[in-house]
Each structure stands twice: as C-alpha cells, then as structure tokens.
Amino acid sequence: MGNTDLVRRVAAKARATEERLPECASEAEIAVAEAELGFALPPLLACLYREVANGGFGPGRRLLPVSGPGPTVVTAYWEEREPNPGGGWYWPRGVTPVLDWGCGMYAAVDCLDERAPVLLYEPNPYGGGRPEAWFHDAPSLAAWLEKWLTGRWWWDEEPGSDAAALVPWPNAAGRLAG
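Using UniProt numbering, read the sequence shown as starting at 1 and increasing by one per residue.
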C-alpha cells in the first residue's frame with residue numbers, strides 16, 4: 001500500500017475519533033516550519049499536515065501541529081535542542097518531536113533519515129541528553145501510523161510488557177555528540 005492509501009486511512013480514523021480536527025496546514029506554513037527547523041519534514045509527515053489536519057489527531061495526546069498557538073513541532077524542537085552543559089546536545093539535530101506523551105516523553109521523527117524512523121524519547125529513568133533515553137519505536141513514520149491504525153503500541157503490545165522491551169536507538173550517542 002502506498003502513502004496515498006495510508007493517508008486516506010489515517011484521515012478516516014482521525015475524522016472518526018476526533019470531535020473536531022484543526023484546519024489543514026498550508027504549503028506556506030509547512031515551508032515556514034521547515035525554514036525555522038533548518039531541514040525538511042519527511043514527505044509523509046508534510047502530507048499529513050496538508051491533507052488530514054494541522055495536528056490534533058493520532059495516538060495518545062495527538063500529533064503536534066506544524067504551526068499555530070501553543071506547542072508546535074518547531075517550538076518543541078527548539079525547546080529541546082539546547083546544548084548540554086556536559087558537552088553535546090540534549091536533543092539530536094534533525095529529530096523532530098511530533099507527539100508529546102507527557103512526563104517529558106516524546107515520539108519524534110528522524111527527519112535526516114530518508115526512512116523517517118520514529119523514535120521514543122523516554123528521559124525519566126536517565127535524565128535528559130543521554131543516549132540511553134532514546135529508543136527505536138518504528139522503522140518508519142508509515143509503520144508507526146500503521147501501528148496506530150491497528151491499535152498496537154510500545155506500551156501495550158504484549159501483556160506485561162514494559163520499557164525494558166524497548167529497543168535502544170543505535171544512533172543516539174553519535175547524534176547527541178554533534
């Protein structure tokens with residue numbers, strides 16, 4: 001299935017599960033966000049903002065918008081992307097938060113990887129800016145959305161599963177270093 005079918009199914013679920021969706025983001029809003037981030041959003045993510053809604057749908061607490069009042073993918077990225085006093089960074093370059101799970105946890109998309117893998121940032125046991133706080137959630141944004149569409153998530157895929165079953169993101173140390 002291509003992204004067209006995936007976007008159609010995401011839009012259908014969003015309309016079925018959300019009382020009111022935000023307006024879609026315009027090409028101009030996406031271009032401004034990309035300029036402020038300093039890199040392009042993955043095509044599928046940009047398409048979701050253009051064709052489904054400017055955030056406000058998806059798993060858990062819903063996708064962050066690309067623009068508007070309150071937290072956005074841009075403001076969340078720059079709030080997290082600050083130098084670590086011990087060297088390196090708290091947040092890797094090119095990894096855009098797309099969903100705030102709460103308690104400091106984010107789902108984030110690696111925009112510098114053409115596959116657009118989705119990562120889980122879970123700093124609570126480790127403190128910020130540590131490679132151990134980063135986990136591989138899905139090999140691509142498309143796969144992550146498929147998990148949402150089918151109701152399978154990292155926290156409840158198997159009875160009794162927990163964060164210990166999460167797969168560490170192997171690129172975390174290198175990406176946090178520079």
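Note that the Cβ used here is the ideal one computed from N, Cα and C, for glycine as well.
7 Å CB neighbourhood of residue i in its chain, flanking five on each side removed
| i | result |
| --- | --- |
| residue 137 | 107, 118, 119, 120, 144, 154 |
| residue 97 | 64, 73, 76, 77, 80, 106, 108 |
| residue 101 | 60, 61, 107 |
| residue 169 | 119, 134, 135, 136 |
| residue 139 | 115, 117 |
Beta bridge counterpart(s) of residue i as assigned by DSSP
| i | result |
| --- | --- |
| residue 110 | 95 |
| residue 102 | 105 |
| residue 167 | 136 |
Bounding residues of the beta strand (DSSP E) (the contiguous stretch that carries residue i)
| i | result |
| --- | --- |
| residue 118 | 118-121 |
| residue 134 | 134-138 |
Burial state of residue i, where buried means 16 or more other Cβ atoms lie within 10 Å
| i | result |
| --- | --- |
| residue 124 | exposed |
| residue 167 | exposed |
| residue 49 | buried |
| residue 111 | buried |
| residue 157 | Residue placement at residue 157 cannot be trusted, given a pLDDT of 45 that sits under 50; the coordinates are not used to answer. |
| residue 28 | exposed |
| residue 165 | exposed |
| residue 23 | exposed |
| residue 122 | buried |
| residue 53 | buried |
Same chain, Cβ closer than 6 Å to residue i, five either side skipped, listed in chain order
| i | result |
| --- | --- |
| residue 62 | 56 |
| residue 59 | 148 |
| residue 19 | none |
| residue 95 | 108, 110 |
| residue 99 | 63, 107 |
Neighbourhood of residue i by C-beta distance below 8 Å, restricted to the same chain and skipping five residues each side
| i | result |
| --- | --- |
| residue 3 | 43, 44, 47, 142 |
| residue 15 | 21 |
| residue 31 | none |
| residue 103 | 124 |
Continuous alpha helix (DSSP H) stretch holding residue i: start and end
| i | result |
| --- | --- |
| residue 78 | 73-80 |
| residue 174 | 172-177 |
| residue 64 | Taken as a continuous stretch (DSSP letters only), residue 64 belongs to no alpha helix (DSSP H), as it is neither H nor E. |
| residue 29 | 27-37 |
| residue 144 | 141-150 |
| residue 52 | That residue, residue 52, is in no alpha helix (DSSP H); it is neither H nor E in DSSP. |
| residue 15 | 3-17 |
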